[in-house]
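Please read the structure below before turning to the comments.
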Amino acid sequence: MSASLELQPDLHRSRRADKRELTLHPDRALPADTRQRAVAREIYEQSARLPLICMHGHVEAEVFADNKPFTDPAQLLVVPDHYVTRMMVSQGIAPEALGIPRVDGGAVETDSRDIWRTFCGNWKLFRGTPSRYWLEHELVEVFGVDLVPGVETADAIYDQIAARIAEPGFRPRQLLDRFSIELISTTDPATSDLRHHARLAGQGLGERVVPTFRPDAVFHVDRPGWRAETARLAEVSGVDTSTYAGFLDALRERRRAFVAAGGLATDHGHLSADTTPMSETAAAVLYARALAGPVSPEEVQAFAAHMLFVTAGMACEDGLVMQIHPGVLRDHHTGVLARHGQDKGFDIPVATEFTRSLRPMLERYGHDPRFRTILFTVDETVYSRELAPLAGAYPSLRLGAPWWFLDSPEGMRRFREAATETAGFYNTSGFVDDTRAFASIPARHDLSRRIDAGYLARLVLEHRISQHEAVETAIDLTYNLPKIAYSRRSA
Amino acid sequence: MSASLELQPDLHRSRRADKRELTLHPDRALPADTRQRAVAREIYEQSARLPLICMHGHVEAEVFADNKPFTDPAQLLVVPDHYVTRMMVSQGIAPEALGIPRVDGGAVETDSRDIWRTFCGNWKLFRGTPSRYWLEHELVEVFGVDLVPGVETADAIYDQIAARIAEPGFRPRQLLDRFSIELISTTDPATSDLRHHARLAGQGLGERVVPTFRPDAVFHVDRPGWRAETARLAEVSGVDTSTYAGFLDALRERRRAFVAAGGLATDHGHLSADTTPMSETAAAVLYARALAGPVSPEEVQAFAAHMLFVTAGMACEDGLVMQIHPGVLRDHHTGVLARHGQDKGFDIPVATEFTRSLRPMLERYGHDPRFRTILFTVDETVYSRELAPLAGAYPSLRLGAPWWFLDSPEGMRRFREAATETAGFYNTSGFVDDTRAFASIPARHDLSRRIDAGYLARLVLEHRISQHEAVETAIDLTYNLPKIAYSRRSA
Amino acid sequence: MSASLELQPDLHRSRRADKRELTLHPDRALPADTRQRAVAREIYEQSARLPLICMHGHVEAEVFADNKPFTDPAQLLVVPDHYVTRMMVSQGIAPEALGIPRVDGGAVETDSRDIWRTFCGNWKLFRGTPSRYWLEHELVEVFGVDLVPGVETADAIYDQIAARIAEPGFRPRQLLDRFSIELISTTDPATSDLRHHARLAGQGLGERVVPTFRPDAVFHVDRPGWRAETARLAEVSGVDTSTYAGFLDALRERRRAFVAAGGLATDHGHLSADTTPMSETAAAVLYARALAGPVSPEEVQAFAAHMLFVTAGMACEDGLVMQIHPGVLRDHHTGVLARHGQDKGFDIPVATEFTRSLRPMLERYGHDPRFRTILFTVDETVYSRELAPLAGAYPSLRLGAPWWFLDSPEGMRRFREAATETAGFYNTSGFVDDTRAFASIPARHDLSRRIDAGYLARLVLEHRISQHEAVETAIDLTYNLPKIAYSRRSA
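Protein sequence lines correspond, in order, to chains A, B and C. Going letter by letter, the first sequence gives residues 16 to 506 in my numbering. Going letter by letter, the second sequence gives residues 16 to 506 in my numbering. Going letter by letter, the third sequence gives residues 16 to 506 in my numbering.
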């Protein structure tokens with residue numbers, strides 16, 4: 016760049032290191048306005064200490080069953096959290112420098128202290144993001160850190176966290192109590208044998224750590240491992256999956272196993288929300304053709320849509336709540352996928368249609384008292400246009416909490432502002448967290464309670480509801496509505 | 016659901032009945048911030064008592080012509096208001112329990128007091144919704160109720176309302192005065208003989224209660240009753256509609272009749288905003304084929320789009336203002352339609368395109384001084400992207416008020432925030448209500464004045480306009496702009 | 016319209032002329048809330064006086080090279096600014112009355128004082144628009160006007176401005192200093208010989224006024240002048256463009272000339288963001304066919320998409336930053352185009368897809384350290400759904416500032432609220448102005464600094480970042496990030 020484009024030279028005053036103590040302000044994330052904040056604080060105080068219902072977790076059951084100590088600060092807080100690593104990658108830091116494993120086994124940074132320094136040195140990238148908010152909460156509340164992350168403080172913070180996670184009270188199962196988690200669900204493939212849940216049951220945690228049935232890998236016939244997955248499904252279910260009818264029976268068997276292991280829900284990550292059914296014959300033919308060789312992209316989508324419809328029917332049989340998470344184009348950069356695998360921050364949302372897409376399923380099951388579906392989106396435009404009107408009409412439907420990128424202060428606020436007027440509060444699921452970062456779970460629930468309190472406080476001050484109602488609603492959104500939304504239907 | 020999922024047991028304190036007196040706070044729906052509220056209140060006070068212009072009503076002319084007393088509280092406030100009933104249906108209450116008639120004449124709840132109890136017992140579902148806001152206003156201002164609805168208060172409130180509507184001053188025509196309604200428009204099919212408007216003219220109300228021409232039923236050739244409707248159109252107009260040319264002549268005749276009855280506008284509810292014309296020959300052929308038998312869905316849409324284009328041309332001939340309300344997929348659940356008929360809360364919005372869709376019409380008539388079109392949407396994404404840029408360019412076009420689900424505090428706020436910077440205030444229509452709930456009309460106008468005052472107050476405090484300008488603008492949005500927008504063009 | 020629809024008669028009090036002195040409040044456009052405003056003011060004070068980086072200007076290089084005085088107030092502030100003229104056209108004022116030239120040379124208003132009176136008489140139309148905000152700033156800060164525009168003040172204001180622009184200190188080059196413009200880019204067609212930039216270099220301004228390479232006219236093979244443009248490209252580059260290979264070579268030659276003239280960026284205004292490449296053979300065949308005669312609309316779009324992909328490759332060769340401005344349907348009304356030419360306020364946005372459209376380009380170049388692309392949109396729905404997730408992942412990608420209609424107080428606020436949580440601040444370009452109205456440039460930069468300060472102040476008060484961080488971020492958004500975003504990559 017030309018010489019005239021030098022950076023403003025005299026910025027050293029503001030570029031100095033931030034030496035303040037790291038603290039959490041008791042009023043963080045409550046409204047800026049003093050009067051609104053005072054009301055919000057009163058509401059928040061009534062929901063702040065309620066136990067946590069965590070129905071969409073991504074922590075592996077094995078972690079709880081094994082209950083091993085966490086490895087180190089970088090492996091706990093940086094490397095596995097693609098929200099955190101993608102932000103550094105977006106500024107030109109190579110995934111390898113962050114210790115993200117390569118598919119080909121090539122060399123990546125293995126010095127966790129070095130990875131941690133890179134992370135702390137890039138702390139400013141997270142300004143204004145929810146990652147920053149979670150991380151501050153975790154550092155202070157969970158790990159007792161009192162320094163602001165930066166180049167100069169990285170080592171000291173690393174040592175503080177490392178010492179803490181070596182303590183017996185910081186093992187995964189102990190954190191369940193410390194975090195006040197009443198119920199947590201893992202997310203498990205249809206082919207899971209649920210062995211770790213069996214171990215947990217043996218440890219008396221069978222009703223506290225429950226599985227969720229996620230059959231994406233067997234619903235998408237274009238996935239590289241699809242045939243192997245159907246074979247594995249046959250093996251674990253003991254049902255021959257070489258025909259479509261067998262495939263459905265195997266799914267039913269696994270759903271029964273999940274129910275037996277305490278499962279309350281299924282989960283479905285599809286590109287589109289389409290639920291158009293095929294005829295049973297056409298589905299059977301397509302299934303057979305997919306087993307034999309490649310099918311067209313249109314057929315892949317058609318089968319996935321059909322399986323959502325079929326799943327709704329199965330939900331009526333066994334009462335599992337059906338969660339749908341559509342609208343994300345996975346692995347936008349195939350080079351990152353090939354080099355580092357899935358879930359590396361390159362899943363990008365697309366516009367998602369619900370009104371027409373869900374219609375076949377809702378026409379058939381939308382008024383069935385045995386059916387419950389919870390919808391999530393990363394396309395905010397559908398809140399007021401499609402999801403709230405649908406949830407404000409169909410008894411089987413609840414709106415899930417703001418998801419993924421939208422699980423954030425502004426995202427949560429916009430959700431309540433856009434959805435409440437048409438759907439009310441009682442057609443929403445209440446808060447649902449969705450994270451691989453176990454230590455961030457309390458921060459996420461706490462933030463949600465604060466944002467809901469802020470929104471409710473505004474309604475109180477605008478004289479649209481009473482403070483009494485606001486408190487009752489806050490408690491419902493925090494605790495009662497998630498329990499109701501995820502109660503298994505009586506089939 | 017598993018035993019661990021019991022509801023939080025000790026919530027009885029917040030679950031106690033709400034015994035406060037039902038009142039309307041004078042500052043309700045004004046901004047929460049004290050300083051902004053003070054400015055907003057000053058602005059609101061200047062617009063608060065202006066008369067009401069109600070150009071998109073759904074109250075039948077017969078109601079005013081007959082001037083019978085309203086039946087009872089449930090039949091007035093609950094049963095016909097699908098905003099209210101759908102919310103209870105969405106929580107699993109059967110439409111039959113709410114007294115919603117069945118198409119097959121099957122049994123539904125007929126005890127209005129029982130329906131009223133169900134409604135009051137579900138009062139909390141409406142928290143944060145505009146229905147709650149309208150209903151509170153109606154209960155206090157119109158019916159003098161001073162109790163918060165609930166299980167324990169339902170009967171007392173029922174009696175209070177029942178007593179009030181028995182009074183002579185609470186008949187429909189008397190409410191026109193009480194509500195300060197200067198002008199109200201009904202919505203009438205193209206086939207209406209306008210007999211009730213003739214009766215109203217005889218009662219001296221011919222210029223106060225005017226018809227709006229809504230030809231949807233004859234523009235959509237796939238509707239079950241379409242052929243019968245065209246026959247009825249021929250009958251009422253005295254023009255043979257067995258050819259396309261006759262069909263157009265019959266429409267022109269009815270438009271003349273509506274003009275003669277004081278009509279100022281036409282109204283068009285289409286799935287899409289498409290205005291692409293067909294050739295006259297192609298339109299005539301399609302019309303003939305549709306009379307003879309079914310045509311394809313694409314042809315149905317093409318004819319509807321063509322008729323919007325044709326309507327714009329007729330508007331230039333007779334000066335009727337053309338309202339377009341696109342983007343709603345009617346009767347999403349065909350089971351509800353079959354069992355209970357249309358307008359039962361199962362009309363769901365879809366994404367709607369305007370820029371390309373309106374282009375044919377605006378290319379041809381957009382600069383014609385005889386043409387005026389007012390656009391409504393339930394897809395908020397088009398405010399800043401398409402509608403405001405179009406309204407900020409074409410002299411024939413005005414943006415209607417936030418419609419349907421968006422006729423709400425947050426919906427109105429977002430509209431001003433999204434549309435004003437590009438379209439200004441003076442390319443909007445000012446407030447237009449749209450309701451079947453006659454008693455809610457004053458509440459709706461009042462809320463709009465409050466929200467506009469709040470938005471204007473913010474502009475004042477951000478020093479973007481003066482307070483003097485804010486007051487003038489508030490008066491224009493409330494009264495002058497609707498009168499200008501709906502003034503019949505001189506053809 | 017019927018007699019009952021007379022305007023509210025007694026509005027004369029509020030209709031009186033606005034006699035206040037025109038002033039700029041020091042806290043304008045800062046948050047309305049007192050506490051938030053105080054914090055915002057402290058942040059703003061740190062960025063308010065930084066120099067201006069203007070990387071997307073539409074002022075012609077000739078204006079600076081000639082340095083002639085501006086003609087008169089109407090020709091400076093009204094006639095060429097289609098934001099201003101379209102608003103008056105939207106209220107029924109003919110373009111001719113505003114002095115907008117006709118393509119056929121037909122008569123238009125030539126009395127600038129008369130045009131100015133029309134403009135001042137319609138001052139209220141601009142309430143709540145950014146045009147109003149810029150104009151107030153220009154009138155007071157640049158031209159020393161102290162009267163509120165209106166019918167009665169029009170002549171006095173005209174005289175004040177006319178006197179000011181006659182002063183030697185108000186010539187274009189002098190305004191560069193007065194406005195504290197460190198760097199300004201013009202926008203130049205691929206066929207420009209850059210003669211005025213050569214003159215500027217001779218005047219010592221070669222690094223302060225730089226060109227931007229905008230090849231839209233040669234990328235869209237359906238434009239009426241396309242063949243003539245390719246011929247002109249051959250002439251100015253000295254490279255035969257009768258083949259596709261020659262066409263690419265000619266583009267490369269011109270890019271080198273732009274780089275030599277100080278150019279830092281290219282700019283691309285396409286209807287869609289599609290970047291799907293064609294095979295080189297297919298592109299060559301299509302190019303040859305387009306030279307020989309018309310091609311299909313699909314082919315036009317395919318070639319434009321291909322050329323975006325090709326441009327990204329060239330950017331890796333020479334380091335020019337690639338700006339993409341998609342999603343505007345140009346010349347919505349062909350009658351206005353035929354009568355008055357392009358850029359008359361009838362360019363209307365359409366929904367724009369980025370996730371899939373940019374994928375081919377980002378798959379190939381998204382991780383290339385030599386590549387930098389900056390994305391703009393007039394479709395706000397993509398901020399949180401597509402653009403922020405993309406910018407939060409790909410190192411080559413930065414989000415541009417809110418563009419066109421969205422370059423406004425609410426538009427800027429919504430951008431930060433929607434984009435920051437997912438992309439952070441450091442994946443945005445910082446402020447980029449985009450205007451034909453040279454005198455409005457300081458107002459635009461100042462507004463951006465105010466809105467960013469307001470947003471940052473809220474984060475401070477919600478305890479999401481420290482005030483120290485807020486100040487540093489404000490300075491980065493104002494000055495450092497635009498310099499970084501537009502630094503030419505080392506190829």
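Just so you know, even glycine gets a beta-carbon here, dropped at the ideal spot from N, CA and C.
| Query | Result |
| --- | --- |
| Three or more C-beta pairs below 8 Å linking the segment 327-345 of chain C and the segment 78-90 of chain C | no |
| Test: R35 (chain A) CB closer than 8 Å to a CB of chain C | yes |
| Backbone CA spacing between D126 (chain A) and P457 (chain A) [nearest angstrom] | 28 Å |
| One or two residues paired with E36 (chain C) in a DSSP bridge | C:L162 |
| Three-state secondary structure assigned by DSSP to S200 (chain C) | strand |
| 8 Å Cβ cutoff, T488 (chain B) in contact with chain C | yes |
| Within 7 Å of chain B by C-beta, residues of the segment 107-129 of chain C in sequence order | G107 |
| Span of the beta strand (DSSP E), counted from its first residue to its last, around T227 (chain B) | T227 to R229 |
| Where G360 (chain A) meets chain C, residues with beta-carbon distance less than 9 Å | P404, G407 and A408 |
| Reduced DSSP category for T435 (chain A) - H, G, I as helix; E, B as strand; rest coil | helix |
| Alpha carbon of P226 (chain A) to alpha carbon of R128 (chain B), nearest angstrom | 46 Å |
| A171 (chain A), buried or exposed, once every other Cβ within 10 Å from all chains shown has been counted against 16 | exposed |
| Burial state of A408 (chain A) (16 or more Cβ within 10 Å) | buried |
| Closest by C-alpha distance to P46 (chain C), when choosing among B:A485, B:V486, B:E487 and B:A472 | B:A472 |
| Chain B contact for D48 (chain A) (CB, 8 Å cutoff) | yes |
| Proximity test, Cβ basis, 8 Å: L377 (chain B) and chain C | yes |
| Straight-line Cα distance separating Q61 (chain A) from T493 (chain A) | 10 Å |
| Near-chain B residues of the segment 437-448 of chain A (beta-carbon distance less than 9 Å), N- to C-terminal order | T437, A438, G439, F440, Y441 and N442 |
| Range of the contiguous beta strand (DSSP E) that encloses H283 (chain B) | A280 to H283 |
| Alpha helix (DSSP H) segment containing R210 (chain A), residue limits | R210 to G217 |
| Contacting residues, own chain, Cβ-Cβ under 7 Å from S29 (chain A) (five flanking each side not counted) | The predicted model places S29 (chain A) with a pLDDT of 40, which falls under 50 and marks its position as unreliable; any figure quoted below should be read in that light. Once the five neighbours on either side are set aside, S29 (chain A) has no close Cβ partner at all. |
| Whole-angstrom distance between F262 (chain B) and A249 (chain B), CA atom to CA atom | 8 Å |
| Closest by C-alpha distance to R35 (chain B), when choosing among B:V160, B:D449 and B:Q218 | B:V160 |
| Cβ-Cβ distance between T450 (chain C) and H73 (chain C) below 8 Å | yes |
| For I108 (chain A), three-class secondary structure by DSSP | coil |
| Contact set between S463 (chain B) and chain C, taken where Cβ atoms lie within less than 9 Å | Going along chain C, no residue has its Cβ under 9 Å from S463 (chain B), so there is no contact; the nearest lies around 16 Å. |
| Cβ-based neighbour list, E21 (chain A), same chain, cut-off 7 Å, excluding 5 preceding and 5 following | Since pLDDT at E21 (chain A) reaches only 42, below the 50 mark, its modelled position is unreliable, and the value read off the structure follows with that caveat. Within the same chain, E21 (chain A) has no close Cβ partners at all. |
| C-alpha gap between E378 (chain B) and L323 (chain C), whole angstroms | 31 Å |
| Touch test, the segment 383-399 of chain B against the segment 129-139 of chain B, Cβ-Cβ under 8 Å, three pairs minimum | no |
| Other residues of its chain near T100 (chain B): CB distance less than 8 Å, five sequence neighbours each side excluded | V93, V94, P110, L113, I115, K359 and G360 |
| Identity of the residue in B:H285, B:Y441, B:D333 and B:L414 nearest A317 (chain B) by Cα | B:H285 |
| Under 9 Å by beta carbon: chain C residues contacting A44 (chain A) | E477, H478 and R479 |
| Residue closest to R247 (chain C), alpha-carbon to alpha-carbon, out of C:V315, C:D48 and C:S207 | C:S207 |
| Host alpha helix (DSSP H) of I480 (chain A) (start-end) | Segment: none, I480 (chain A) is in no alpha helix (DSSP H) and carries neither H nor E. |
| Complete runs of the alpha helix (DSSP H) confined to the segment 64-93 of chain A [at least 4 residues] | 76-81 and 88-92 |
| Close Cβ partners of W149 (chain A) (< 6 Å) along its chain, the five nearest in sequence each way excluded | S455 and A458 |
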